[in-house]
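So the sequence shown is residues 4 to 530, counted in my numbering. The beta carbon of each residue, even a glycine, is placed where N, CA and C say it ideally should be. For reference, the structure is listed below as structure tokens.
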Amino acid sequence: MGFLEEIKLRRTFGIISHPDAGKTTLTEKLLLFGGAIQEAGAVKSNKIKKTATSDFMEIERQRGISVATSVLAFVYQNKKINILDTPGHKDFAEDTFRTLTAVDSVIVVIDVAKGVEEQTEKLVEVCRMRNIPMIVFINKLDREGKDAFDLLDEVEQKLGLKVTPLSLPIGMGYNFKGIYNIWERNIQLFDGEQKQRIEKKVYFDSIDDPQLKATIGNESVITLKEELELIDGIYPQFERGAYLKGELQPVLFGSALNNFGIQELLNCFIEIAPEPLPKASEQRIIEPHEENFSGFIFKIHANMDPNHRNRLAFIKIVSGTFERNIPYLHVRLNKKMKFSSPNTFFAERKEIVNISYPGDIVGLHDTGNFKIGDTLTSGEQLNFKGIPSFSPEHFRYINNNDPMKSKQLAKGINQLMDEGVAQLFILNLNGRKVIGTVGALQFEVIQYRLLHEYGAKCTYENFNVYKACWIEGDEKSYDFKEFKRIKQKYLGQDKSGQLVFLADSAFSLQIVQDKYKSINFHFTSEF
Ligand code: G4P
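Dropping the structure here:
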């Protein structure tokens with residue numbers, strides 16, 4: 004098969020949701036339908052259970068499992084599908100944001116009873132900012148939940164999306180009868196008290212088919228007709244171009260646990276989801292079909308083997324082909340590197356791969372050369388954009404607790420930061436190191452890993468920070484000089500040397516924003 008055909012076959016996407024909405028169950032069902040696994044329960048959840056939030060050992064154990072589910076690949080209708088795993092736990096939200104830089108589309112899972120939840124809002128906002136095409140899947144239709152139209156409203160309002168339903172449930176919970184598939188123009192009915200299984204699948208070409216009335220009853224047919232008229236009146240027709248631009252989001256209903264609407268979701272996905280998309284670099288836009296190879300590291304997984312400091316760096320291929328044992332340019336280090344055993348992923352298996360194409364995710368064994376966001380190319384000086392850091396939520400000074408091990412501590416901190424476990428800020432005034440994390444949990448993880456992987460002991464000290472802002476201003480201006488002088492205690496540098504203001508309160512941030520109009524205060528590291 005030719006290079007261009009290979010690209011056209013690839014679909015790389017992520018599933019995002021608030022914890023417990025059904026992401027793991029849906030992933031598993033997609034793999035089942037794709038024939039990649041034979042039974043439900045085969046994919047171990049990498050989610051960090053609520054009960055384990057203070058148990059970081061458990062997190063370490065689960066992190067070990069999650070490498071296997073980082074990329075789940077399968078073939079369906081001749082298409083090569085890569086599902087990129089996104090941690091649902093909010094303390095690992097930054098991991099998820101970074102993974103979203105490597106997807107070409109997403110499926111958003113929403114629990115029919117709970118509706119739009121907090122974590123979904125945050126993740127969808129990131130996707131919206133990047134115009135990532137999204138399909139919304141309303142899950143758990145076997146349970147009593149919110150009215151379908153109320154939910155569609157909620158999705159539009161809370162998530163800021165423009166939706167168009169491609170399917171509609173007939174009844175709900177105990178009265179759930181089936182799904183009208185607007186996309187495929189048929190109706191599937193589910194029989195049986197428990198609605199645990201599809202007991203009957205009936206296809207109708209038209210809503211006026213007398214068989215339909217005989218099966219679901221006149222009342223349901225009338226309601227359905229009214230609802231379909233309503234949909235026609237309120238919602239725009241599905242248009243793939245608008246979906247691909249991130250301007251229109253199709254919605255499907257179903258139940259992952261019971262297989263309602265899953266095959267339909269997959270069929271719809273296969274038909275509309277984008278193939279690998281172009282990606283912006285600082286220099287230019289890179290098209291997948293360009294001959295020269297380029298790709299970027301979006302995830303680093305450490306602790307593969309506790310005896311070796313062995314890491315796997317995940318690279319998304321953006322253009323050209325990536326081949327085993329061919330030297331490529333590591334742009335940041337300006338160094339040629341070749342890889343003798345790049346890994347590809349198939350369901351839960353890892354295999355050595357000789358050649359990979361745009362859209363593919365490859366795992367590279369790494370001994371500390373990579374940072375999140377690094378670019379590899381055939382030789383061109385490129386830097387891919389779009390892996391920003393957001394302000395952490397928690398900040399603490401990190402102190403060395405064993406003077407004999409200061410080198411190990413520094414090395415450990417640097418490597419953990421390269422992996423993206425947390426952010427490091429170095430204060431301008433006294434050179435003290437401040438660690439910023441999204442969740443309080445990461446402090447324990449860092450302490451534990453520094454000790455066990457680097458033999459370094461650290462302690463923390465509270466540092467009261469409300470938010471980190473990245474500062475942009477004219478070095479020579481009076482405003483900038485004065486701001487730097489007055490706030491010197493709160494200024495530092497991030498890992499790439501950018502100036503950061505660690506504001507101690509919302510109030511003090513507001514004051515400087517009002518006072519120094521010529522200075523820009525950014526809430527992400529990329530602007
Ligand atoms: P997550 O990855 O988004 O966190 O969610 P996960 O798939 O683990 O699902 C969370 C819970 O919701 C699980 O139950 C799962 O069985 C259930 N679930 C998923 N899809 C459906 C559905 O369509 N209908 C119903 N009724 N439940 C669904 P659990 O009891 O928390 O875990 P488990 O013991 O069943 O694994």
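Using 10 angstroms around the beta-carbon of residue i, count the other beta-carbons present and answer buried if the total reaches 16, otherwise exposed.
| i | result |
| --- | --- |
| Gly458 | exposed |
| Leu432 | exposed |
| Tyr177 | exposed |
| Phe342 | buried |
| Gln418 | buried |
| His292 | exposed |
| Asp517 | exposed |
| Leu169 | buried |
| Val224 | buried |
| Ile51 | Only weak support is given to the placement of Ile51: the predicted model assigns it a pLDDT of 40, under 50, and the value that follows is read from those uncertain coordinates. Per the 10 Å Cβ criterion, buried. |
| Asn49 | Confidence in Asn49 is poor, its pLDDT being 44 and thus under 50, which makes the residue's placement too unreliable to answer from. |
| Thr54 | Summary for Thr54: the model assigns pLDDT 39, below 50, so the residue's position carries little reliability; its value from the coordinates is reported in the next sentence. With fewer than 16 other Cβ atoms within 10 Å, it is exposed. |
| Leu7 | exposed |
| Ala558 | Since the first and last residues shown for the chain are 4 and 530, residue 558 lies out of range. |
| His455 | exposed |
| Lys339 | exposed |
| Leu336 | exposed |
| Lys492 | exposed |
| Leu233 | exposed |
| Ile18 | buried |
| Ile355 | exposed |
| Ile10 | buried |
| Lys479 | exposed |
| Val158 | buried |
| Phe526 | exposed |
| Ala443 | exposed |
| Ile329 | exposed |
| Gly257 | buried |
Below 8 Å on the Cβ atoms is my guess for residue i versus residue j; work out the distance and round it to an integer in Å.
| i | j | result |
| --- | --- | --- |
| Glu124 | Lys161 | 6 Å |
| Ser508 | Tyr469 | 5 Å |
| Ile489 | Ile522 | Not confirmed; about 12 Å, so no contact. |
| Gly163 | Arg131 | 6 Å |
| Lys388 | Ala316 | The pair is not a contact, with the Cβ atoms about 19 Å apart (cut-off 8 Å). |
| Asp3 | Gly323 | Limits of the chain in this structure are 4 at one end and 530 at the other, which puts residue 3 out of reach. |
| Ile86 | Leu126 | The Cβ separation is near 15 Å, so there is no contact. |
| Phe504 | Leu494 | 6 Å |
| Ile113 | Ser20 | 7 Å |
| Asn386 | Val334 | 6 Å |
| Ile219 | Leu192 | 7 Å |
| Thr370 | Leu332 | Contact flag wrong, Cβ pair sits at about 18 Å. |
| Asn295 | Glu383 | 6 Å |
Excluding the 5 residues preceding and the 5 following residue i in the sequence, name in chain order all residues of the same chain whose CB lies nearer than 7 Å to its CB.
| i | result |
| --- | --- |
| Glu97 | Phe393, Gly423 and Val441 |
| Leu227 | Ile173, Tyr183 and Ile210 |
| Thr28 | Ala259 and Leu260 |
| Glu230 | Leu171 |
| Arg101 | Phe301, Lys302, Ile375, Ile390 and Gly423 |
| Leu247 | Pro136 and Pro277 |
| Arg146 | Val115, Ala116 and Gly176 |
| Lys319 | Ala105, Gly298, Phe299, Phe301 and Ile364 |
| Lys414 | Tyr457 |
| Phe207 | Asn189, Ile190, Gln214 and Leu215 |
Skipping 5 residues on each side, what residues in its chain have a beta carbon closer than 6 Å to that of residue i?
| i | result |
| --- | --- |
| Arg14 | Lys82, Ile84 and Ala276 |
| Thr462 | Asn402 and Asn404 |
| Lys353 | Asn346 |
| Thr99 | Thr89 and Pro90 |
| Leu12 | Lys82 and Lys83 |
| Phe348 | Val74 and Ala76 |
| Thr56 | In this predicted model, Thr56 has a pLDDT of only 38, less than 50, meaning its place in the structure is not dependable enough to derive any value. |
| Glu589 | Residue 589 lies beyond the residue range present for the chain, which begins at 4 and ends at 530; the question has no answer from this structure. |
| Ala506 | Tyr469, Lys470 and Leu512 |
| Gln496 | Ile429 |
Starting from the C-beta of residue i, find all residues in its chain whose C-beta is less than 8 Å away, skip the five residues before and the five after it, and write them out in chain order.
| i | result |
| --- | --- |
| Arg399 | Val437, Ile438, Phe446, Tyr463, Glu464, Asn465 and Phe466 |
| Gly249 | Cys130, Arg131, Arg133, Asn134, Ile135, Pro136 and Met137 |
| Phe16 | Ile84, Asn85, Ile86, Leu87, Val106, Asp107, Ser108, Val109, Ile110, Phe272 and Ala276 |
Counting only beta-carbon separations shorter than 9 Å, does residue i have a partner in chain D?
| i | result |
| --- | --- |
| Gly118 | Within the model displayed, chain D is absent; a lone protein chain is all it includes. |
Beta strand (DSSP E) runs contained entirely in the segment 411 to 481, provided each spans 3 or more residues: 426 to 430, 436 to 440, 461 to 465 and 470 to 475
3 or more residues per run - each beta strand (DSSP E) lying fully within the segment 251 to 307: Unbroken beta strand (DSSP E) runs of no fewer than 3 residues, entirely contained in the segment 251 to 307, are found at 252 to 256 and 297 to 304, following chain order.
In chain order, each beta strand (DSSP E) run of at least 3 residues that lies wholly inside the segment 334 to 369: Fully enclosed beta strand (DSSP E) runs of 3 or longer: 338 to 340, 346 to 349, 352 to 355 and 364 to 369.
Identify every run of the beta strand (DSSP E) within the segment 169 to 237, keeping only runs that are complete inside it and at least 3 residues long; order them along the chain. 170 to 173, 181 to 184 and 189 to 192
Quick one: which unbroken alpha helix (DSSP H) runs of 4-plus residues sit fully inside the segment 87 to 156? Chain order, please. 96 to 102 and 121 to 132
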